[in-house]
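If you read the sequences in order, they're chains V and R. Just so we're aligned: 350 in this note's numbering is position 350 of the first sequence, and the numbers increase by one with no gaps anywhere. Just so we're aligned: 400 in this note's numbering is position 32 of the second sequence, and the numbers increase by one with no gaps anywhere.
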Amino acid sequence: MMPKEEITQKEAICLLINFIMGSTLIVGIGTNAKNDAWLASLFGILMAIPAIIIYSRILQLFPGANLYDIVNLLFGKYLGSVVTILYIWYSFHLGALVVRDFGEFLNTITMPETPMLVPMFSLIIICIFAVRLGIEVISRTSAYFFPIMLFIIIIVQLLSISKMDFEYIFPILYYGLSPIIKEGFSAFAFPFAETVIFLGVLGSLQPKKSPYKVYFTGVLVAGIILTFIVLRNIFVLGNQLSNFYFPSHVAISRIHIGDFLQRMEVTVAFIFVVGVFIKVSLCLLLTCKGIAKLFHLNDYRSITIQTGILMVYLAYILYDNIVDMHFWTFYVYKYYAFPFQVILPLIIFITAEFKKRKTPKEYNKSSV
Amino acid sequence: MFVVVIIVYIALLTLEFISLYQKKYWKDLWVNLTLGSISFIIALMISFHLYIPSPADPIKKIVLSLFKI
Numbered sequence: 001m002m003p004k005e006e007i008t009q010k011e012a013i014c015l016l017i018n019f020i021m022g023s024t025l026i027v028g029i030g031t032n033a034k035n036d037a038w039l040a041s042l043f044g045i046l047m048a049i050p051a052i053i054i055y056s057r058i059l060q061l062f063p064g065a066n067l068y069d070i071v072n073l074l075f076g077k078y079l080g081s082v083v084t085i086l087y088i089w090y091s092f093h094l095g096a097l098v099v100r101d102f103g104e105f106l107n108t109i110t111m112p113e114t115p116m117l118v119p120m121f122s123l124i125i126i127c128i129f130a131v132r133l134g135i136e137v138i139s140r141t142s143a144y145f146f147p148i149m150l151f152i153i154i155i156v157q158l159l160s161i162s163k164m165d166f167e168y169i170f171p172i173l174y175y176g177l178s179p180i181i182k183e184g185f186s187a188f189a190f191p192f193a194e195t196v197i198f199l200g201v202l203g204s205l206q207p208k209k210s211p212y213k214v215y216f217t218g219v220l221v222a223g224i225i226l227t228f229i230v231l232r233n234i235f236v237l238g239n240q241l242s243n244f245y246f247p248s249h250v251a252i253s254r255i256h257i258g259d260f261l262q263r264m265e266v267t268v269a270f271i272f273v274v275g276v277f278i279k280v281s282l283c284l285l286l287t288c289k290g291i292a293k294l295f296h297l298n299d300y301r302s303i304t305i306q307t308g309i310l311m312v313y314l315a316y317i318l319y320d321n322i323v324d325m326h327f328w329t330f331y332v333y334k335y336y337a338f339p340f341q342v343i344l345p346l347i348i349f350i351t352a353e354f355k356k357r358k359t360p361k362e363y364n365k366s367s368v
Numbered sequence: 369m370f371v372v373v374i375i376v377y378i379a380l381l382t383l384e385f386i387s388l389y390q391k392k393y394w395k396d397l398w399v400n401l402t403l404g405s406i407s408f409i410i411a412l413m414i415s416f417h418l419y420i421p422s423p424a425d426p427i428k429k430i431v432l433s434l435f436k437i
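Written as structure tokens, this is what we have:
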């Protein structure tokens, strides 16, 4: 057996922030609420707080265990396997969605002639390497890249002030509350509650570190950064926000300062690539760990290559075109993801609390 | 195109299988073989431009019928 991998609290927070910002930075959140998108984003954070309390409580009840250990311990062999399969599918599909976002972005913006499989394979090769090296390497990479990303975001934010028109934010609440609630739910499902994936990752957190702190700091910081980005997009683009597939890219491409500061959109692409790399790696890691747990394999590393390649194929066949993808991301995904993000964690949480009260001694022994 | 697919898969499988075989991890070998054959079939279908049904469509239909967006 290899020694257990451990990640520090700081690395875990950076990992969480990168994970949330991953594909959201470029696809945008709450765009259908037009110039109230920032309210939708805030509402999404508010909705995410109960969910992350549940996730953190589950992790706190089982220190050192990942999602599949918890599920097998709670539900036994057969029901546990069913839940394991559901989460394998969810993380696999989520990874494929993010890979597709990446492929679609590169295909639309920079390389329209290249077949979409090429950027997708380039991404997945790095992700397979990262997953084979383990969670420690992924988290250290994210801790290394996070300050660079933050620096770029702040610089771009400052540079785009020249193109901003602060009038665009008015009228606030012109269409009433209902689009904000709808889009807030969308924002909840798309970046924030996807952190359910971290139930399988934070088992490697250093002992005696609180998952509450990781979850709250990560989600709040990422949420604030995302809200600022949405505000910037509104100030630059106004209520045309929902007309673009990649609003951040369009907003930044309008920056022209003098003759030498232009074409800043590459910076967005850089941030996007880093975020997507972290997100896909974590999804792939969780899928491989799930398959390894399901079939009682010796090591999850041997199946990463095949799972990664399958993920690319799923991403490739998933949609016919970008319109389909946009519709799926903004209208279908929130309902589809709800069972995985809320209902199943809620069942796990209730069962865990119930069992913990019933048999405290025996239970504590098995969970350590 | 499919020749490239076959060559790449042979390379990948031998790369992975030899180490698993030497360690005598039979279960890992079987799971790997199953996943590998699924992905090989899909790769061949993509290289022949065959239509593969997407799982996104049935999910979309179910969600749309349930929630009437």
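Beta carbons are placed, not taken as given, at the ideal position from N, Cα and C, and that holds for glycine.
With a threshold of 16 other CB atoms inside 10 Å of the CB of residue i, please say whether the residue is buried or exposed.
i                      : result
residue 263 of chain V : exposed
residue 394 of chain R : exposed
residue 398 of chain R : exposed
residue 223 of chain V : buried
residue 206 of chain V : exposed
residue 194 of chain V : buried
residue 405 of chain R : exposed
residue 366 of chain V : Because residue 366 of chain V carries a pLDDT of 49, less than 50, the predicted location of this residue cannot be relied on, and no value is offered for it.
residue 1 of chain V   : Residue placement at residue 1 of chain V is flagged as unreliable, the pLDDT there being 49, under the threshold of 50; the coordinate-derived value follows with that caveat. Counting Cβ neighbours within 10 Å, residue 1 of chain V comes out exposed, since fewer than 16 surround it.
residue 304 of chain V : buried
residue 178 of chain V : exposed
residue 334 of chain V : buried
residue 400 of chain R : buried
residue 176 of chain V : exposed
residue 440 of chain R : Given a span of 369 to 437 for chain R in the structure shown, any question on residue 440 of chain R remains unanswerable.
residue 296 of chain V : exposed
residue 113 of chain V : exposed
residue 353 of chain V : exposed
residue 293 of chain V : buried
residue 376 of chain R : exposed
residue 316 of chain V : buried
residue 196 of chain V : buried
residue 330 of chain V : buried
residue 154 of chain V : exposed
residue 23 of chain V  : buried
In the DSSP output, what is residue i paired with across the bridge?
i                      : result
residue 257 of chain V : V/261
residue 205 of chain V : V/7
From which residue to which residue does the alpha helix (DSSP H) around residue i run?
i                      : result
residue 351 of chain V : 344-358
residue 93 of chain V  : 67-109
residue 396 of chain R : 394-415
residue 425 of chain R : 424-435
residue 381 of chain R : 370-391
residue 370 of chain V : This structure cannot speak to residue 370 of chain V, because chain V is shown only from 1 to 368.
residue 214 of chain V : 211-237
residue 326 of chain V : 322-327
residue 306 of chain V : 304-318
residue 149 of chain V : 135-159
residue 336 of chain V : 333-338
Looking at residue j and residue i, is the spacing between their C-beta atoms short of 8 Å?
i                      : j                      : result
residue 68 of chain V  : residue 431 of chain R : no
residue 276 of chain V : residue 252 of chain V : no
residue 71 of chain V  : residue 257 of chain V : no
residue 55 of chain V  : residue 407 of chain R : no
residue 229 of chain V : residue 25 of chain V  : yes
residue 388 of chain R : residue 302 of chain V : yes
residue 168 of chain V : residue 32 of chain V  : no
residue 247 of chain V : residue 231 of chain V : no
residue 159 of chain V : residue 261 of chain V : yes
residue 13 of chain V  : residue 214 of chain V : yes
residue 47 of chain V  : residue 185 of chain V : yes
residue 290 of chain V : residue 127 of chain V : no
If distances are taken between C-alpha atoms only, which option among the options comes closest to residue i?
i                      : options                       : result
residue 266 of chain V : V/39, V/145, V/14 and V/156   : V/156
residue 323 of chain V : V/243, V/99, V/202 and V/50   : V/243
residue 37 of chain V  : V/188, V/256, V/134 and V/318 : V/188
residue 100 of chain V : V/119, V/165 and V/147        : V/119
residue 139 of chain V : V/125, V/165, V/198 and V/90  : V/198
residue 239 of chain V : V/88, V/166 and V/271         : V/166
residue 92 of chain V  : V/74, V/281, V/137 and V/219  : V/281
residue 203 of chain V : V/136, V/183 and V/171        : V/136
residue 226 of chain V : V/235, V/208 and V/191        : V/191
residue 234 of chain V : V/20, V/29 and V/19           : V/29
What residues in the region 78-95 of chain V bring their beta carbon closer than 8 Å to a beta carbon of chain B?
-> In the structure shown, chain B does not exist; the protein chains are V and R.
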